[in-house]
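Taking it in order: structure first as structure tokens, then the write-up.
2 protein chains.
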Amino acid sequence: MQWVWAQLQRLSSAGQSWFVVSLAGICIGLNAALIAILTEWLSDLKMGYCSDGWWLNQEFCCWEIETDGEGACAAWKPWTKYTAGMWFIYTALASLFAYLAAHLVRSFAPYAAGSGISEIKCIISGFVMKSYLGLGTLIIKSLTLPLVIASGLSVGKEGPSVHVACCIGNVVARLFSRFSRSQGKMREIITAASAAGVAVAFGSPIGGVLFSIEEMSNVFSIKTMWRSFFCALVATVTLSAMNPYRTGKLVLFQVTYDRDWHFFEIIFFILIGIFGGLYGVFVTRFNLQVAAFRRKHLAAYPITEAVTLACLTAVFGYFNRFLRIDMSESLYILFKECEGGGDYDNLCQSTAQWPMVNSLLLATVFRFGFVILSYGSKVPAGIFVPSMAIGATFGRMVGIIVKAMYRSHPTSGIFAACDPDVPCITPGTYALLGAAAALSGVMRITVTVVVIMFELTGALTYILPTMIVLLVTKSVGDWFEAEGIADEMIRFNGYPYLAKNEHAFNIPVSRVMRTELHTLAAAGLQLTAVGKSTISQLNDGFPIVTPDDQRILLGYIGRTELNYVLQKANRGRHVHSETHCTFIPDPSSTAPMADGLVPHLTDPDVIHGMDEDDPLEMSVSTAMDDVLDFGPWVNQTPITVAPQLSLEVVIQLFRQLGPRVILVEQHGTLVGLITVKDVLRFIAATEHASSSDSNVDSVGALQGVLEEAWLWTSECLGSVQRWASNTSSSIQGRLR
Amino acid sequence: MQWVWAQLQRLSSAGQSWFVVSLAGICIGLNAALIAILTEWLSDLKMGYCSDGWWLNQEFCCWEIETDGEGACAAWKPWTKYTAGMWFIYTALASLFAYLAAHLVRSFAPYAAGSGISEIKCIISGFVMKSYLGLGTLIIKSLTLPLVIASGLSVGKEGPSVHVACCIGNVVARLFSRFSRSQGKMREIITAASAAGVAVAFGSPIGGVLFSIEEMSNVFSIKTMWRSFFCALVATVTLSAMNPYRTGKLVLFQVTYDRDWHFFEIIFFILIGIFGGLYGVFVTRFNLQVAAFRRKHLAAYPITEAVTLACLTAVFGYFNRFLRIDMSESLYILFKECEGGGDYDNLCQSTAQWPMVNSLLLATVFRFGFVILSYGSKVPAGIFVPSMAIGATFGRMVGIIVKAMYRSHPTSGIFAACDPDVPCITPGTYALLGAAAALSGVMRITVTVVVIMFELTGALTYILPTMIVLLVTKSVGDWFEAEGIADEMIRFNGYPYLAKNEHAFNIPVSRVMRTELHTLAAAGLQLTAVGKSTISQLNDGFPIVTPDDQRILLGYIGRTELNYVLQKANRGRHVHSETHCTFIPDPSSTAPMADGLVPHLTDPDVIHGMDEDDPLEMSVSTAMDDVLDFGPWVNQTPITVAPQLSLEVVIQLFRQLGPRVILVEQHGTLVGLITVKDVLRFIAATEHASSSDSNVDSVGALQGVLEEAWLWTSECLGSVQRWASNTSSSIQGRLR
């Protein structure tokens, strides 16, 4: 009987987290399906409308009706027959969508802008950003994402859909006290949700799990991996049951391949890999320059910027067959094998091969430029699919050229491995490899990309080519010492995040630690003195030392806890300014953890000093007559190290155990204190010193160009304004 | 110019580790191909021989020649036409192979026995087992593995092939001083090699990478993952270029599926998942009981045991069509769709469905028994493929039953989703899911299994069913609180390894630490006193404290270092028994790490106190006239914690930073010391206390049965012996 009861308790306790993860997964799947449906409808709306019902997109409008080559039917009406008119309406609608999206984001949820991957990485590593994953962000980002994609801006919905998924995870989990009370547990749920976000964005559940391991989390735990697995599974099953595209496929650009590759193709694969690596390096560098420029000049005009970009993209993009259509659709077209029907705009015809190469090259170059300008603008904007699109146009171009070479010299030695009866070169697979290379180049992830590509195509035989391409891409990136765009953005924004790459500093922690400390003596302080401490905004907390000169370290108290006790005490009115304060922890109680003060002991990262909210739930201490006892709030076991310990080990401690602060003591005496920010400041200073040796400009080439264009534009606008005001005043003068 | 030089240096430094990893990958691929070819030839040899050349296996003997339904041709001669004769030869050859394998292992490389996964996990986590990954083990294990598989024992070659791959990684890397000098770097190479081992065993490069993350390593690092990725890629490309099966496939049991699954099938998938979970739980428990029995009674008869098992397996297995053939081949047969030709022994005929179910059930039950008895016997023996084979026979049985249900009630509501024109149920996919469930159940890994199954079949649509099955399997395992068989074996063997599952102890480290310490005073000790310390084999090293009563902690010296200096000093003859010894570290030098004494600072796990060999490479200290200075060998920055720190955090420190010892100090004073072994001893004591509450017998049911069988057998043998000696003495008496 007791056994049954114990089993039931175990079940309900384990059940709650399973329930939360399932619920989050289901919501993520539903939300992804809605976003997909809305995106398709809005995208089609730029070209025409359905006469059978305005709410139908082109596909459903023409469902089971005879269509022409491009999928149009009688019920689907283009806006106008004239190309110029279509072009105008297309551009106008694109700009309108961008305006709506930027306006909504600016007015209701500024956090909905951008991709969100960088910020979520920081949140998962322990950085607190209130309401970044809130309900408002969730709603606005879900609504504006289809608008942005339909506006044709060169941005993707995959990054933002990770942010949306994490918002869902956060909102759902917050409903349960077990999670809302523990930041550690919340972070686990957010990690799992990020896996589900990638899973639904790419229809790739295992890819999602790997993404959460390779990119998002910096501490690996089997339990978190398992949660991610489950959440991604539930989300994918939900999406698959919703079947938003009515094709049984989970994403638009899912394809399958029949044919195998040949060993001689490896030389072309290497070429594609090099492209991916260079793409990643340059898009990241240029985009950072644009970001610097944006921060300097465009911070006040987010809506204008988004509308201008959408307008420009539409104006130029309309005339290129690969830029005009939706990116997911173009990926599908580029990935597909030529055989088996459904040629798009003569892409497969060898008669049209050179115009097609031209068109693909233009698409690659234009989109490269637009991605650099658009990623980071103040609308939901990811970089996954745009990168894949650029890689795919480049790859397809290479594929067509190789095919043309084969056609003109079929008996050449290099093509000896080709079977004369079946098509030897499949340009679609080159497009796939190009997409993989560009994605890996810009994000600096490898295993995840292989799995995603594999789950998109199911082509067993293309695992090895994909791995070879990514090997080259990664080597090129390593050569340039490039980091992923998410990490670069974290650094650009100055978030406190320790990147995964390992530095070798060869110095002890004593060289980096802060030595000017604001400590609190364990006894003998008066309330006013303690109160003054909390005014300083620079300290997260205060080491407690013995009142004598030896400064033996006794513990650590966070500023939040200090404030909390002070407020409670002031409210209770048992205290006055001369009340003595003691900070002596109770030696009979062991660590606060053992008292059950921090609720979830099994969480590897919930250790004292990290979860700032939890200690607030402790019972209020009774302020005695003339002594206010802070003892129960003092963390007796802050993480301490010796001053000679090497900085690398301290960085590892920060990364693995996640404390806010590490105290440095020598033989019991406090000598310093170090935080993640101190480490980052030191790294930045080191890198600045080494980069100033070489001839790298602080203002990059692109930023210079932009600055000049900005000057010129403002001058133009200024003269127009002057002319307008002159004219209007002269008109007014005449009228008067 | 300087820049070019710097780049070249970077290249050559990075190049060496790339070179080592590539070389290891190539060797692993070649070795896997050789093992595969040898295994197939030996397996076929049990049934017959090739008249065109004894070195050809059946497939190559009949290459491009007309064959009958089972692949036999005129050139391939069975040993005899009579079933009884065939049975005898089959059994005799199986026993011979087992004898050869067991004899080679026993005589030349005892470490080649078993799977090796458990031991490699310990080695990767920092445990030192000399020559476990040596050249001898590599050669003997590579040679005996084909013999064991051909002997028909219910063991697999996938686990051992991981061990073989790790041996190759170790042997190759040891040739380069950069690796042989650093245990941390060696561990990275071994992790990468384990990935390559799985990659070639299953033809699944990404599966291999995930295996190294999920099962092998307990610290996750992007760099190690990338190494694993590269090593697995090289090994797989090599294997693919060798093409051992001449079919373009990397493993025997690779298949592809055309058809999709239906939602109603989920109920049967859940059944398969439950089977997998139960299989894992019971095979692990029973196998541990067999292992206990083996340790007690069979330790002296490893060869007899292996031969007996092989003989029994052959005697019984010969009459079951699924047990008679090679396990990889039977997996291929069971996984295959029925359509598309190549039916094995009427497996696909609905007329034979009930005999087939019977046969599959028998195969499941028999192999279950044989796996329990065979895994752990003193020959190379893995449990991956046997588990998959058991799961596959069970799954195929379920599939055939479901298909029979559909055939008899095609219009039933449950089958409404079936398209009448195409086959609705594909029993082969049930076999695949069964194999996945059993593999996941016994190893307790999930993501890896999904990827491996996916890479075996390329069936995009079967990712979700596989995930659902593994979800159920994992839940069943969790319910029984089961651990993977590798972790159970580690515990059974008492290796110092902290498993990944997270305990909640709620106690401070002071409750677990050792307080009876053998410390060394920093000054004032005479050489004889120091010399005595090294006699105690119980201490890995000694904390250095101030000579006064305060016992302020100054550092830590390992026993190896202490011995080294003592030997050097004795050899130099500058010392006598009253020589004073000092252990005062030089405060001007920072940590030993900063002196470049530990060569590879970027290694996250090469921190002082872990790599025992490196300090030996330091220049010899000059023993002065009457003072022997141990200062340079003292680690100034051992990892220290406060006594109130919770045990969970200490366990995390051990796992993440990998020190041999953690010192416990209170306000600078040394109060205790803790090692991994102390933690494990505590965990074992806790678990023993809680398990003795419940009614678990220390001698399990199976062990009881075995004990009785053993008694009975020894009695029988004893009476036979007595009878024989009586008879012989009476004969001798008569003759005399």
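From first to last, the protein sequence lines stand for chains A and B.
Okay, so the first sequence: first residue is 527 according to our numbering, each after it adds one.
Okay, so the second sequence: first residue is 527 according to our numbering, each after it adds one.
Note that the Cβ used here is the ideal one computed from N, Cα and C, for glycine as well.
Source: prediction; values computed, not measured.
- request: Would you identify the three-state DSSP class for residue 1191 of chain A, choosing helix, strand or coil?
  value: The residue labelled residue 1191 of chain A in the question sits at position 665 within the first sequence. Strand.
query: For residue 689 of chain B and chain A, any beta-carbon pair shorter than 8 Å?
result: Taking the second sequence and counting its residues from 1, one reaches residue 689 of chain B at position 163. Closer than 8 Å: no.
- request: Determine the DSSP secondary structure at residue 872 of chain B, reduced to helix, strand or coil.
  value: Translated into the one-based positions of the second sequence, residue 872 of chain B becomes position 346. Reduced to three states, the DSSP call for residue 872 of chain B is coil.
- prompt: Mind checking if residue 1069 of chain B is an interface residue toward chain A, Cβ cutoff 8 Å exclusive?
  reply: The residue you call residue 1069 of chain B lines up with position 543 of the second sequence. Chain A contact via Cβ: absent.
task: Return the chain-ordered list of same chain residues with a C-beta closer than 6 Å to the C-beta of residue 770 of chain B, the five sequence neighbours on each side being excluded.
output: Along the second sequence, read from residue 1 onward, the residue named residue 770 of chain B stands at position 244. Once the five neighbours on either side are set aside, the close Cβ partners of residue 770 of chain B are 559, 562, 563.
task: Decide if residue 566 of chain A is buried, meaning its Cβ has at least 16 other Cβ atoms within 10 Å, or exposed.
output: For the purposes of this step, residue 566 of chain A is taken as the residue at position 40 of the first sequence. Residue 566 of chain A comes out buried.
Distance between beta carbons of residue 759 of chain A and residue 979 of chain B, contact taken as under 8 Å: Here residue 979 of chain B is taken as the residue at index 453 of the second sequence, counted from 1. Here residue 759 of chain A is taken as the residue at index 233 of the first sequence, counted from 1. The Cβ separation is near 14 Å, so there is no contact.
- prompt: Is any beta-carbon of chain B found at less than 8 Å from that of residue 604 of chain A?
  reply: Counting from one through the first sequence, the residue named residue 604 of chain A turns up at place 78. Answer no: the Cβ-Cβ gap between residue 604 of chain A and chain B never drops below 8 Å.
- prompt: Exposed or buried, what is residue 686 of chain A when buried is set at 16 or more other beta-carbons lying within 10 Å of its beta-carbon?
  reply: Reading the first sequence from its first residue, position 160 is the one you call residue 686 of chain A. Buried: at least 16 other Cβ atoms inside 10 Å.
Residue environment, residue 655 of chain B, which counts as buried when at least 16 other CB atoms sit within 10 Å: The count along the second sequence starts at 1 and reaches residue 655 of chain B at position 129. Per the 10 Å Cβ criterion, exposed.
field: Assigned secondary structure, residue 1246 of chain A (DSSP; H/G/I helix, E/B strand, else coil)
entry: Residue numbering aside, residue 1246 of chain A sits at position 720 when the first sequence is read from its first letter. In this structure, residue 1246 of chain A counts as helix in the three-state DSSP scheme.
- request: Could you confirm whether any beta carbon from chain A is found closer than 8 Å to the beta carbon of residue 962 of chain B?
  value: Counting from one through the second sequence, the residue named residue 962 of chain B turns up at place 436. No, no contact with chain A.
query: Should residue 1238 of chain B go down as buried or exposed, given a rule of 16 or more other Cβ atoms within 10 Å for buried?
result: What you label residue 1238 of chain B is simply residue 712 of the second sequence in a count that begins at 1. Burial call: exposed.
query: So is residue 935 of chain B in contact with chain A if we call contact Cβ pairs under 8 Å?
result: Here the question's residue 935 of chain B lines up with position 409 in the second sequence. By this cut-off, residue 935 of chain B is not an interface position.
task: With DSSP as the reference, label residue 1139 of chain B as helix, strand or coil.
output: Counted from its first residue, the second sequence places residue 1139 of chain B at position 613. Residue placement at residue 1139 of chain B is poorly supported in this model, since its pLDDT is 40, which falls under 50; the coordinates still yield a value, given next. Coil.
- prompt: Where do the ends of the alpha helix (DSSP H) carrying residue 647 of chain B lie?
  reply: Sequence index remark: in the second sequence, residue 647 of chain B carries index 121 (1-based). Where residue 647 of chain B is concerned, the enclosing alpha helix (DSSP H) stretches over 643–650.
message: When you measure from the CB of residue 893 of chain B to every non-hydrogen atom of the ligand FAD, does any distance come out below 7 Å?
response: Here there are no bound small molecules, and the ligand FAD is not part of this structure.
- prompt: If you run the structure through DSSP and keep just helix, strand and coil, what is residue 576 of chain B?
  reply: As a first step, residue 576 of chain B must be located in the second sequence, where it is residue number 50. Note: residue 576 of chain B maps to strand in three-state DSSP.
- prompt: Where in the segment 1146–1185 of chain B do unbroken runs of the alpha helix (DSSP H), each at least 4 residues long, occur, reported from the N-terminal end onward?
  reply: 1173–1183
- request: Can you have a look at residue 1181 of chain A and say buried or exposed, based on whether 16 or more other CB atoms are within 10 angstroms of its CB?
  value: Counting from one through the first sequence, the residue named residue 1181 of chain A turns up at place 655. Residue 1181 of chain A should be labelled buried.
field: residue 1161 of chain B beta carbon less than 8 Å from that of residue 1082 of chain B
entry: Here residue 1082 of chain B corresponds to residue number 556 of the second sequence, with the count starting at 1. Here residue 1161 of chain B corresponds to residue number 635 of the second sequence, with the count starting at 1. Yes. Within cutoff.
- prompt: the segment 938–953 of chain A: which residues have C-beta closer than 9 Å to a C-beta of chain B, in chain order?
  reply: none
task: Could you name the residues of chain E that residue 1106 of chain A contacts, counting a contact when the two beta carbons are closer than 7 Å?
output: Absent from the structure is chain E; the protein chains it does hold are A and B.
- prompt: When you compare each of B:952, B:1072, B:701 to residue 787 of chain B by their alpha carbons, which one comes out closest?
  reply: Taking the first residue of the second sequence as position 1, residue 787 of chain B is located at position 261. Nearest of B:952, B:1072, B:701 to residue 787 of chain B, Cα basis: B:952.
- prompt: Secondary structure at residue 1201 of chain A, three-state DSSP: helix, strand or coil?
  reply: Residue 1201 of chain A sits at position 675 when you count from the first residue of the first sequence. Residue state, collapsed to three classes: strand.
- prompt: Under a three-way DSSP split, which group does residue 531 of chain B fall into?
  reply: Locating residue 531 of chain B in the second sequence gives position 5, counting from the first residue. Of the three classes helix, strand and coil, the one that applies to residue 531 of chain B here is helix, per DSSP.
- prompt: Considering only residues of the same chain and omitting the five flanking positions on each side of residue 713 of chain A, which have a CB-CB separation below 6 Å?
  reply: Along the first sequence, read from residue 1 onward, the residue named residue 713 of chain A stands at position 187. Here the set comprises 650.
Enclosing alpha helix (DSSP H) for residue 1081 of chain A [first to last residue]: As a working note, residue 1081 of chain A is residue 555 in the first sequence. Element bounds for residue 1081 of chain A: not the alpha helix (DSSP H) but the beta strand (DSSP E), 1079–1084.
message: So if I threshold CB-CB distances at 9 Å, which residues from the segment 621–649 of chain B count as touching chain A?
response: Taken residue by residue, none of the segment 621–649 of chain B has a beta-carbon sitting less than 9 Å from a beta-carbon on chain A.
Proximal residues, the segment 1191–1203 of chain B versus chain A, C-beta separation under 9 Å: 1191, 1192, 1193, 1194, 1195
- request: Examine chain B for any beta-carbon lying closer than 8 Å to the beta-carbon of residue 1127 of chain A, and answer yes or no.
  value: The residue given as residue 1127 of chain A occupies position 601 in the first sequence. Because residue 1127 of chain A carries a pLDDT of 28, less than 50, the predicted location of this residue cannot be relied on, and no value is offered for it.
message: Could you check whether the Cβ of residue 547 of chain A sits closer than 8 Å to any Cβ belonging to chain B?
response: For the purposes of this step, residue 547 of chain A is taken as residue 21 along the first sequence, with counting starting at 1. Not an interface residue.
query: What's the gap between the Cα of residue 1193 of chain A and the Cα of residue 1078 of chain A?
result: Residue 1193 of chain A sits at position 667 when you count from the first residue of the first sequence. Residue 1078 of chain A sits at position 552 when you count from the first residue of the first sequence. Going from the Cα of residue 1193 of chain A to the Cα of residue 1078 of chain A covers about 9 Å.
message: Can you pull the chain B neighbours of residue 738 of chain A, defined as C-beta to C-beta under 8 Å?
response: Within the first sequence, numbered from 1, the residue matching residue 738 of chain A stands at position 212. Simply none; closest approach about 11 Å.
message: Going by the DSSP bridge assignment, what does residue 685 of chain B pair with across the sheet?
response: Position 159 of the second sequence holds residue 685 of chain B. Looking at the DSSP assignment, residue 685 of chain B forms no beta bridge with any residue, so it has no partner.
Residue environment, residue 935 of chain A, which counts as buried when at least 16 other CB atoms sit within 10 Å: Residue numbering aside, residue 935 of chain A sits at position 409 when the first sequence is read from its first letter. So residue 935 of chain A counts as exposed.
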